[in-house]
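Here's the structure we're looking at; comments come further down.
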Amino acid sequence: MRLTETVTRFAPSPNGYLHAGHALSAIIAHDTARRAGGRFLLRIEDIDLTRARTEFTDAIYDDLGWLGLDWEKPVLVQSHFFPDYLEAAGRLIAQGLLYPCFASRAEIADAAEPARTDPDGAALYPGLWKNAPAEAVAARIAAGETPAMRLDMEAALVAAQSKLGQAPLTFAEIGADGTSRQVLADPGRWGDAVIVRKDVPASYHLAVVVDDARQGVTLVTRGTDLFAATDLQRLLQVLLDLPEPRYSHHRLVCWSDGRKLSKSNGDMGLRALRADGASADDIRRVIGVADAVPV
Ligand code: GLU
């Protein structure tokens, strides 16, 4: 019996058609699991109800099948699990680590210091509703408004440290050559991040950690564009007592001038390449993962 089975996942957001960069992510997750005799899962990350469309979800299944990948069924579709994300948020609230925030984007932009940004380049939340009087919160709720719930980062770091004891917050990063190194996580640079959005009862970071745990994912493979997100996700895992997966952030598929492929521009879209007569093997060759792993 395998004691630590390798379980990987590909977790696309169905808000556009997949491009060659997604193919690289999906193929790495798939082939890594197959080589290890493990399991490959697919997860549809459709919590952004304004952008997700079922035609894109259907296209994801179709494109991945065309690439020759196979995955376990049923597929986890995040929009079916909002109560679970709220339950996890409730556990953070019970620890006193989330607070309601009613600030609009414009109010945040006005108050923010442009020089202080998070790893995605967005202005750090300027703390507008941190320690807000209970009456102010009650008045907005009475007026029918729904707040976002933000992480009190200062308190969260203290709470996590008390769970970790002397140990630092880290994660294991597996390189393309298979070597492992411990990375020191620095979640503080995300500031008081949104954990439950105003418009949907979840957020990307919360849903990811809940589902990586629920699905028993042991190795998160994804692009280096999500490397910094791992810091915040590790913090949430510690606060929610969730297991720690290993991580492997892979290179991105870029234009020769370094620009990332864009879903909205239709860059290197798999559907278009296929319509132009490309085969799944052509895609593998172009993105540099030539050898399909026999299933
Ligand atoms: N849904 C995310 C995306 O499409 C990926 C999430 C992840 O791999 O952690 O960018």
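According to our numbering, the stretch in the sequence shown is residues 1 to 295, in order.
For every residue, glycine included, the Cβ atom is placed at its ideal position computed from N, Cα and C.
Bear in mind that the values here come from a model prediction, so they are computed numbers and not experimental data.
query                                                                                                             : result
Continuous alpha helix (DSSP H) stretch holding Leu23: start and end                                              : It is worth fixing the name first, because residue 23 is Ala in this sequence and not Leu. Ala20 to Arg35 is the extent of the alpha helix (DSSP H) around Ala23.
Cβ-heavy atom distance, Val7 to the ligand GLU, below 8 Å                                                         : no
Pro100 in three-state terms, based on DSSP                                                                        : strand
Delimiting residues of the beta strand (DSSP E) encompassing Met149                                               : Ala148 to Leu151
Simplified DSSP assignment, three categories, for Glu107                                                          : helix
Residue ranges of each alpha helix (DSSP H) within the segment 173-231, 4 or longer                               : 204-214
Check your reading: residues with Cβ closer than 6 Å to the ligand GLU heavy atoms                                : Ala11, Pro12, Ser13, Glu45, Val208, Arg222 and Leu226
Bridge partners - His250, DSSP secondary structure assignment                                                     : Gly223
Of the residues Asp48, Thr4 and Ala229, the one placed nearest Ser13, counting alpha carbons only                 : Asp48
Selected residue, minimal CA-CA separation from Ala155, among Ala148, Lys130 and Arg35                            : Lys130
Closest residue to Asn15 among Glu55, Pro187 and Glu113 (Cα-Cα distance)                                          : Glu55
Exposure label - Val158; buried when at least 16 CB within 10 Å                                                   : exposed
Spatial neighbours of Gly269 in its chain, beta-carbon cut-off 6 Å, leaving aside the 5 residues before and after : Tyr17 and His19
Separation of Trp255 from Gly223, as counted between CA atoms                                                     : 15 Å
Inter-residue Cα distance where the pair is Arg197 and Asp62                                                      : 30 Å
CB contact flag (Arg234, Leu169, <9 Å)                                                                            : yes
Counterpart residues of Val77 in DSSP-defined beta bridges                                                        : Ile44
Rounded straight-line distance, which links the Cα of Gln215 to that of Ala172                                    : 19 Å
Opposing strand residues paired with Val7 [DSSP bridges]                                                          : Arg39
Nearest residue (CA-CA) to Asp70, options Phe40, Leu232 and Asp120                                                : Phe40
As assigned by DSSP and simplified to three states, the class of Gly90                                            : helix
Whole-angstrom distance between Ala278 and Gln78, CA atom to CA atom                                              : 32 Å
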